[in-house]
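Heads up, the sequence shown is in full-length UniProt numbering, so the first residue is 1 and it goes up one at a time. Take a look at the structure below.
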Amino acid sequence: MKRARLIYNPTSGREEMRRRLADILARLDAGGIEASCHATTGEGDATIAAADAVERGYDMIIAAGGDGTLNEVINGMAEKENRPPLGVFPLGTTNDFARALGIPRSWEDYCDLVIGQQTRPTDLGKANHRYFINIAGGGSLTELTYEVPSKLKTMIGQLAYYWKGLEKMVSLSPQELIIRADGQEEMHDEFMLFLIANTNSVGGFEKLAPHATIDDGLFDVIALRKCNLAEMIRLVTMALRGDHLNDKKIVHFKTDYMEVSSPGYVQLNLDGELGGTLPATFRNLPRHLEIFR
1 MKRARLIYNP TSGREEMRRR LADILARLDA GGIEASCHAT TGEGDATIAA
51 ADAVERGYDM IIAAGGDGTL NEVINGMAEK ENRPPLGVFP LGTTNDFARA
101 LGIPRSWEDY CDLVIGQQTR PTDLGKANHR YFINIAGGGS LTELTYEVPS
151 KLKTMIGQLA YYWKGLEKMV SLSPQELIIR ADGQEEMHDE FMLFLIANTN
201 SVGGFEKLAP HATIDDGLFD VIALRKCNLA EMIRLVTMAL RGDHLNDKKI
251 VHFKTDYMEV SSPGYVQLNL DGELGGTLPA TFRNLPRHLE IFR
């Protein structure tokens with residue numbers, strides 16, 4: 001019988017895991033997987049729990065929560081030599097990574113997926129000394145994902161992001177960035193934001209990085225040059241259709257390594273969580289983890 005460590009955020013998904021935990025454990029057990037649980041208690045706890053699970057030799061780790069919980073778990077696993085397969089049980093507000101991989105949201109279907117033991121390799125990104133699995137970025141608009149209170153996300157879900165996004169768009173201002181990347185000329189300009197995508201699903205937009213692939217060893221980089229509110233709204237509308245990449249305000253390229261710096265104060269967003277500040281180097285770690293899907 002295989003052993004799994006289920007690391008879950010008890011507040012994610014309007015506390016769905018609290019209600020379904022016994023059923024999930026029973027279904028996994030019936031499929032030959034003996035799962036023990038760890039409920040996270042605060043920031044950084046999932047990282048410690050994941051590192052401990054690797055050291056204790058679990059056959060698999062399952063991260064149950066939102067993108068933030070997933071980010072903490074991969075940071076606990078990434079530097080370990082023997083990394084077990086990772087399950088991603090989507091319970092958060094946007095679940096960008098799970099959406100990109102087509103991972104089911106139904107707990108029954110997800111348990112069956114893990115029981116089936118089919119995996120796919122995925123690249124990881126490293127930003128300075130921290131890791132990300134789906135997205136890294138910087139700029140005013142990227143701050144809204146970690147500025148929305150967790151209680152509000154639990155209460156009203158995705159609407160909380162739209163609410164905060166409208167508030168941020170009114171006061172957006174460009175930031176001076178210096179971008180250096182392999183295969184690209186150095187860029188020194190004013191940008192509204194930059195995004196480094198590992199999948200096609202970013203912030204609930206499924207066509208923001210339409211060419212991104214999780215196992216090609218490359219990031220898809222998208223940067224938005226200085227623009228006004230009307231231009232921003234136009235580009236958001238285009239991004240919903242995937243028609244934005246050829247716009248003159250958009251910079252788009254692929255790379256496995258880049259550096260971003262700024263003379264100003266710019267915070268980093270890693271998988272929807274605050275990830276430090278610029279300057280930063282970003283490296284792609286090809287096929288670094290195996291994901292159940």
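Cβ coordinates follow ideal geometry from the N, Cα and C atoms, glycine included.
- Using a Cβ distance threshold of 7 Å, D189 and Y257 do not count as a contacting pair.
- Where C111 is concerned, the enclosing alpha helix (DSSP H) starts and stops at 107-116.
- T237 and L6 have their alpha carbons spaced roughly 39 Å apart.
- For R27, the uninterrupted alpha helix (DSSP H) segment begins and ends at 16-30.
- When DSSP states are grouped into helix, strand and coil, I214 belongs to the coil group.
- Ranking P210, L101, N246, D29 by CA distance to the CA of E108 puts D29 first.
- Your pair N269 and A136 checks out as a contact, with CB atoms roughly 7 Å apart and the cut at 8 Å.
- Annotation: the continuous alpha helix (DSSP H) that includes G76 extends over 67-77.
- At the C-beta level, T199 and A64 stay beyond 7 Å of one another.
- Inter-residue distance for K254 and V221 is about 6 Å (C-alpha atoms, whole angstroms).
- A check of alpha carbon separations from F89 across M192, P10, K80, A239 identifies P10 as the nearest.
- When C-alpha distances from N134 are compared across L289, S201, P84, I250, the shortest belongs to S201.
- Scanning Y8, G31, G32 for the CA closest to the CA of L21 turns up Y8.
- About 13 Å separates the CB atoms of V251 and A209; that is not less than 8 Å, and the two are not in contact.
- Closest in C-alpha terms to K126, from the list E290, R293, I291, A280, comes A280.
- Following the DSSP letters along the chain, one finds F97 inside the alpha helix (DSSP H) bounded by residues 96-101.
- In terms of Cβ geometry, R293 and I103 form a close pair [threshold 7 Å].
- In this structure, the CA atom of G217 is about 16 Å from the CA atom of A78.
- In this structure, T119 and I233 do not form a Cβ contact; the two beta carbons are roughly 41 Å apart against a cut-off of 8 Å.
- Note: Y131 is bridge-paired with K126 in the DSSP secondary-structure output.
- The beta strand (DSSP E) runs lying completely inside the segment 217-287 and spanning 3 residues or more are 219-225, 250-255, 257-261, 267-270, 273-277, given in chain order.
- P121 is positioned such that its CB atom lies no closer than 7 Å to that of R18.
- Of the residues D112, N128, Q267, the one whose Cα lies closest to the Cα of G138 is Q267.
- A straight line joining the alpha-carbon of L235 with that of D243 spans about 9 Å.
- If you draw a 10 Å sphere on the C-beta of P263, you find fewer than 16 other C-beta atoms in it, and that means exposed.
- One Cα belongs to L289, the other to F219, and the distance between them is close to 16 Å.
- Counting the other CB atoms within 10 Å of its CB gives A98 a total of 16 or more, which places it among the buried residues.
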